[in-house]
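Q: For the sequence shown, the working numbering assigns the number 22 to the initial residue and increments by one for each residue that follows. All residues carry an ideal CB built from backbone N, CA and C; glycine is no exception. This one's a predicted model, so the numbers in the text were calculated from it and none came from an experiment.
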Amino acid sequence: MASPPVRPLAHALDPVEHWTALDRVAAVVRRAVGPLTRARSARNALAGVPLGHPVHPPLAQLTLGCFLSAGLLDLRGRPEDRSASTGLIALGVAGAVPTALTGLGDWSHGHEEQQRTGLVHAAANGSALVLYAATLLGRRSGRTARWSSLAAAGLTGAAAYVGGHLAFRQALGANHTEHVPHRVPPGWTSLGSVELIPERALVARTLGDQPLLCYRDGDDVTVLSDVCPHLSAPLHEGEVSDGCVTCPWHGSTFRLADGEPVAGPATAPVPAFEVRVEGGEVQVLLPGAG
22 MASPPVRPLA HALDPVEHWT ALDRVAAVVR RAVGPLTRAR SARNALAGVP LGHPVHPPLA
82 QLTLGCFLSA GLLDLRGRPE DRSASTGLIA LGVAGAVPTA LTGLGDWSHG HEEQQRTGLV
142 HAAANGSALV LYAATLLGRR SGRTARWSSL AAAGLTGAAA YVGGHLAFRQ ALGANHTEHV
202 PHRVPPGWTS LGSVELIPER ALVARTLGDQ PLLCYRDGDD VTVLSDVCPH LSAPLHEGEV
262 SDGCVTCPWH GSTFRLADGE PVAGPATAPV PAFEVRVEGG EVQVLLPGAG
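Rendered as structure tokens:
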């Protein structure tokens, strides 16, 4: 007799992804967050472009570690642990500010389903933060405030689960081009005649089943993956300016020369191919492919 299918816990969040009533809230939050991400320098800092990695996850781990460690100390309930627990909560509350700002920056460039889940994640974190603030105020007044700390720890754990769903199941902040070197053949491969690539225009080509972006300026041909690392937008639908291509969806900007990001929200580079023209034929090679 076949065993019944196991339904992963993650499916409990499926209704949230399709809860369209949250879109009105998301619109209000996007307008509020807009000034934070409008300037390129601020957008890059919040996204983590200078680091080449999203900055929200490590900040979230630091804050989460402080809160959950404090919760374990309060769960044990020893008076001598209260000072350490209070210090951890205070550090977590302080860290929650940059964590929330970087999270809002990432969230503001997500698609609808990601933003709906992100609002639930933020609401749980915000509620936990209120309880942690109440805990700190209570302890300043001489109360143990143990139960508010434990309730906040529970909310923090739930928020972390939703955040994990957002990052790993919905892929917000993930590099959407990591697979490219593993799906193109090694060595030099022909893309056809150079004359078939019009000058100073973004042109889509394919290598096997992988979409490529080609750009020709005279005899100089550039070939990148045609997938934006942020959320897989087709880069050939973007614009070229000052030697860079700008993503048509969220404005990430990459150097044509090497695919490196110069403006977020993308933090990972676009895979860049080596190119040579022999006998009027464009040949490409992706270092590390295969």
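(1) Under a three-way DSSP split, which group does Asp44 fall into?
(2) Within this structure, are the beta carbons of Gly280 and Pro269 separated by less than 8 Å?
(3) Measuring only the C-alpha atoms, how far is Gly309 from His200?
(4) If we call anything under 8 Å between Cβ atoms a contact, is Thr267 one with Val70?
(5) Taking the beta strand (DSSP E) that Thr198 falls in, what are its first and last residues?
(6) Does Gly175 come out as helix, strand or coil in the three-state DSSP assignment?
(7) Which residues does DSSP list as the beta-bridge partners of Cys265?
(8) Name the DSSP beta bridge partners of Gln304, please?
(9) With Val114 as the anchor, note down where its alpha helix (DSSP H) starts and where it stops.
(10) Quick one: give me the first and last residue of the beta strand (DSSP E) that Ser246 is part of.
(11) Is it right to say Gln82 is buried, meaning 16 or more other beta carbons lie within 10 angstroms of its own, or is it exposed?
(12) Using 8 Å for Cβ pairs, my map puts Thr138 next to His197. What's the rounded Cβ distance?
(13) Measure the Cβ-Cβ separation of His257 and Val224 and say whether it is below 8 Å.
(14) With distance defined between alpha-carbon atoms, name the residue in Arg103, Val183 and Leu158 nearest to Pro36.
(15) Excluding the 5 residues flanking Val205 on each side, which residues of the same chain have their C-beta closer than 8 Å to its C-beta?
(16) Below 8 Å, how does it come out for the segment 94-107 and the segment 32-52: are there three or more Cβ pairs, yes or no?
(17) In the DSSP output, which residue or residues are listed as bridge partners for Cys9?
(18) Taking DSSP as the reference, what is the three-state secondary structure of Val283?
(19) Relative to the alpha-carbon of Val76, which residue among Glu133, Gly213 and Asn65 has its alpha-carbon at the smallest distance?
(20) What does the alpha-carbon distance come out to for the pair Val261 and Thr41?
(21) Using the beta-carbon count (16 or more within 10 Å), is Ser129 buried or exposed?
A: Reading from the atomic positions:
(1) Asp44 sits in a helix when the DSSP states are folded into three classes.
(2) The answer is no: Cβ separation not under 8 Å.
(3) The straight-line gap from Cα to Cα measures roughly 12 Å.
(4) Taking 8 Å as the Cβ cut-off, Thr267 and Val70 do not qualify as a contacting pair.
(5) Where Thr198 is concerned, there is no enclosing beta strand (DSSP E), given that its DSSP letter is neither H nor E.
(6) The answer is helix: DSSP assigns Gly175 an H, G or I state.
(7) DSSP, once it has assigned bridges, lists Ser262 and Arg276 as partnering Cys265.
(8) Bridge partners of Gln304: Ser211 and Arg297.
(9) Counting along the chain, the unbroken alpha helix (DSSP H) around Val114 starts and ends at Arg103 to Ser129.
(10) Element bounds for Ser246: Asp241 to Ser246.
(11) By the neighbour-count rule (16 or more Cβ atoms within 10 Å), Gln82 is not buried but exposed.
(12) No, Thr138 and His197 are not in contact; Cβ-Cβ is about 18 Å, not under 8 Å.
(13) Taking 8 Å as the Cβ cut-off, His257 and Val224 qualify as a contacting pair.
(14) Residue Val183 is the option with its Cα nearest to Pro36.
(15) Once the five neighbours on either side are set aside, the close Cβ partners of Val205 are Leu228, Gly229, Gln231, Leu307, Ala310 and Gly311.
(16) Short answer: they don't touch.
(17) Past the edges of the chain, shown from 22 to 311, lies residue 9, and the structure says nothing about it.
(18) Val283: strand per DSSP, three-state reduction.
(19) Nearest in C-alpha terms to Val76, of all of Glu133, Gly213 and Asn65, is Asn65.
(20) Between the alpha carbons of Val261 and Thr41 lies a gap of roughly 35 Å.
(21) Counting Cβ neighbours within 10 Å, Ser129 comes out buried, since at least 16 surround it.
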